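In the working numbering, the protein residues as written are 3 to 179.
Here it is in structure tokens:
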């Protein structure tokens, strides 16, 4: 019986590591970094279309798997307002508005903090014409003077790749300094 050497042990590990590193590409490959405001950047899988609707800056990108949307709203706070308390009440109303306008059903929510600003992730289901429903997922943050809300709406049955892209998009909000 041949004695096992370090090289014998390392070769399979190196081969596995190489396979994992080179077979998996990060979702950011080919994604577009879009400065949606002077203080906020977001990444989209394709170059988004932009428009302004009722004073709301809208960025919309569509792939065959999903619709990716960012809304940016001016929301300046007065100096006498407590930002965090105001944000919590604002988020409650914002979620109710999103869900009610879509005639949807609230699913869940969780708070997060980014660069000292509190935000909220939430999801809700929306009925479709064929009797099925689709789950929309949002990530919303209120900074000193802006509200940025990202929405992901699947257009096809979710796959592992489309779920990775969804989370990459939602996590891509960057507060610029």
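Every residue, glycine too, gets a C-beta built ideally from N, C-alpha and C. Keep in mind it's a predicted model, so treat the numbers as computed, not measured.
Apart from the five residues on each side of it in sequence, which residues of its chain come closer than 6 Å, Cβ to Cβ, to residue i?
i, result
"residue 179", "none"
"residue 45", "33, 35, 174"
"residue 158", "67"
"residue 117", "177"
"residue 133", "none"
Which whole-angstrom value describes the C-beta separation of residue i and residue j, a residue pair presumed to lie in contact below a C-beta threshold of 8 Å?
i, j, result
"residue 74", "residue 39", "5 Å"
"residue 128", "residue 141", "Not confirmed; about 17 Å, so no contact."
"residue 111", "residue 123", "6 Å"
"residue 144", "residue 92", "6 Å"
"residue 149", "residue 77", "5 Å"
With distances taken Cα to Cα, identify the nearest neighbour of residue i among the options.
i, options, result
"residue 136", "145, 125, 60", "125"
List the endpoints of the continuous alpha helix (DSSP H) containing residue i.
i, result
"residue 105", "Run containing residue 105: none; DSSP gives neither H nor E here."
"residue 168", "162-172"
With residue i as the anchor, note down where its beta strand (DSSP E) starts and where it stops.
i, result
"residue 149", "148-156"
"residue 175", "Careful: residue 175 lies outside any beta strand (DSSP E) and carries neither H nor E."
"residue 123", "119-129"
"residue 37", "34-39"
"residue 51", "51-55"
"residue 76", "68-76"
"residue 43", "42-46"
"residue 59", "58-64"
Might you give, ordered along the chain, the residues of its own chain that have their beta carbon closer than 7 Å to the beta carbon of residue i, omitting 5 neighbours on each side?
i, result
"residue 24", "With a pLDDT of only 34 at residue 24, under 50, the local geometry of the prediction cannot be trusted, and the value read off the model is given with reservation. Answer for residue 24: no residue qualifies."
"residue 155", "68, 69, 136, 138"
Excluding the five sequence neighbours on either side, which residues of its own chain have a C-beta within less than 8 Å of the C-beta of residue i, listed in chain order?
i, result
"residue 37", "43, 178"
"residue 64", "48, 70, 157"
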